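Notes to accompany the following structure.
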Amino acid sequence: MILRKKLIAGNWKMNKTSADSVTLVKEIAQQIGRQTEVDVLVCPPATALESVGRTLEGANIKLGAQNMHFEASGAFTGEISAPMLRDLFVTHVILGHSERRALFGEDDQLINQKVLSALKTELRPVLCVGESLEEREAGDTLKVVQTQLEAGLAGVSNEQAASVILAYEPVWAIGTGKVATSDQAQEVHAFIRELLTKLFGETIAQKVRILYGGSMKPSNADELLAQTDIDGGLIGGAALEARSFVDLVKAAAKS
Ligand code: PGA
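Take the sequence shown: its position 128, counted from the start at 1, is 108 in my numbering, and no numbers get skipped.
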């Protein structure tokens, strides 16, 4: 059995100025210390990537962006490309977050272009998938997740797939305080791993980390992180304070 190193990732969304971001990441780095049991990733807003990146020099915390355009450069007002992110020592990028899908009209095809562009530029995509409440209630959860996953990963080679990170985020659990039960989450995570096995083979499927996201916090993390196919968390609200984020890293370390 392959042991997947747990990953705790903070998605700060549209919160914190550059100065506030530096303060937060300093606190996180100080409280985490030099632990190596868990991979830690912070995804501040684009305006704070450079300052946070500088602050993190030498720390064992990775830097991620929350979005990017799929083209490397050009007439795309307001957009940021993968090479621009790489230039700021960004190593990861969240793609296909449900807020991007629902509020900014991103569809599976666009998200797939972004995934391919990130991989080409050696950025690790954190590809988010997940069903809405309506879809869950209609019994369509696995179908929705399958469609998003297959479309999002279209054209990804086996070699590239090994560096992809997935996040299962039921839309109804994001920012709502309603967390999926560990059974609900494990069912979808196991299904995702099965799909990965079909797409890329057993070895790669066993390597790829699948994070859970949606109202994850220190009080509910232990049970989620104990599930066989839950390899960490993508954290929104609880990532905005050092204490709760660090507690999640500690929970992952002992899981
Ligand atoms: P939440 O957000 O932890 O605040 O629910 C998770 C996410 O949107 O990635």
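Here a beta-carbon is modelled for each residue, glycine too, at the ideal position from N, C-alpha and C. Here the structure is a predicted model, which means the values were calculated and not measured.
*Since I believe Leu205 is in contact with Ala232 (beta carbons under 8 Å), could you give me their beta-carbon distance rounded to a whole number of angstroms?*
As a working note, residue 232 is residue 252 in the sequence shown. As a working note, residue 205 is residue 225 in the sequence shown. With 8 Å as the limit, Ala232 and Leu205 qualify as a contact, their Cβ atoms being about 6 Å apart.
*Please indicate yes or no: does the CB of Ile154 lie closer than 7 Å to some heavy atom of the ligand PGA?*
Within the sequence shown, the letter at position 174 stands for residue 154. Because some heavy atom of the ligand PGA lies under 7 Å away, the Cβ of Ile154 counts as near it: yes.
*Helix, strand or coil for Pro24 per DSSP?*
As a position in the sequence shown, residue 24 is number 44, starting the count at 1. Coil at Pro24, not helix or strand.
*Looking only at its own chain, which residues have a Cβ that is under 8 Å from the Cβ of Leu75, when we skip the five neighbours before and after it?*
The sequence position of residue 75 within the sequence shown is 95, counting from 1. Correct list, in chain order: Asn47, Met48, Ile91, Lys94, Val95, Ala98, Pro105, Val106, Leu107, Cys108 and Gly132.
*Hey, would you say Thr208 sits closer than 8 Å to Gln166, going by beta carbons?*
On the sequence shown, residue 208 is found 228 positions in, with the first residue counted as 1. On the sequence shown, residue 166 is found 186 positions in, with the first residue counted as 1. Result yes, Cβ atoms of Thr208 and Gln166 sit closer than 8 Å.
*Over the uninterrupted beta strand (DSSP E) stretch that includes Pro105, give me the two end residues.*
Here the question's residue 105 lines up with position 125 in the sequence shown. Looking at the DSSP string, the run of the beta strand (DSSP E) that includes Pro105 is Arg104 to Val109.
*Per DSSP, what kind of secondary structure is Ser53 in: helix, strand or coil?*
Against the sequence shown, residue 53 aligns to sequence position 73. In this structure, Ser53 counts as coil in the three-state DSSP scheme.
_Short of 8 Å in beta carbon distance, which residues of its chain neighbour Ala170, apart from the five on each side in sequence? Order them along the chain._
If you number the sequence shown from 1, residue 170 lands on position 190. Counting only Cβ-Cβ distances below 8 Å, and skipping sequence neighbours, we find Thr208 and Asp209.
*Boundaries of the beta strand (DSSP E) in which Ile184 is found, first to last residue*: For the purposes of this step, residue 184 is taken as residue 204 along the sequence shown, with counting starting at 1. Not the beta strand (DSSP E): Ile184 falls in the alpha helix (DSSP H), residues Glu182 to Lys187.
*asked:* Given 7 Å as the limit, tell me if Met64 has its C-beta closer than that to any heavy atom belonging to the ligand FAD.
replied: The ligand FAD is not among the ligands present in this structure, which contains only the ligand PGA.
*Nonlocal neighbours in the same chain, by C-beta distance under 8 Å from Ile(-12), ignoring five residues either side*: Here residue -12 refers to the residue found at position 8 when the sequence shown is read from its first residue. The answer, listed in chain order, is Val18, Asp19, Val20, Leu21, Gly212, Gly213, Ile215, Phe225, Leu228, Val229 and Ala232.
*Among the residues of its own chain, which have a CB less than 8 Å from the CB of Thr35, if the five just before and after it don't count?*
On the sequence shown, residue 35 is found 55 positions in, with the first residue counted as 1. Closer than 8 Å at the Cβ level, and outside the excluded window around Thr35, lie Val2, Val5, Lys6 and Ala9.
*For the candidate residues Val125, His77, Lys158 and Ala185, whose alpha-carbon lies nearest to that of Ser137?*
Position 157 of the sequence shown, counted from the first residue, corresponds to residue 137. Ranking Val125, His77, Lys158 and Ala185 by Cα distance to Ser137 puts Ala185 first.
*Pro25 to Lys42, Cα distance in whole Å?*
Translated into the one-based positions of the sequence shown, residue 25 becomes position 45. Translated into the one-based positions of the sequence shown, residue 42 becomes position 62. About 14 Å.
_Ile154 in three-state terms, based on DSSP_ = On the sequence shown, position 174 is the one that residue 154 refers to. Here Ile154 sits in coil by DSSP.
*Compare the Cα-Cα distances from Gly52 to each of Leu29, Ala82, His72 and Lys100 and report the closest residue.*
The count along the sequence shown starts at 1 and reaches residue 52 at position 72. A small fix is needed here, since residue 52 is Ala in this sequence, not Gly. When only C-alpha atoms are compared, the closest one is Lys100.
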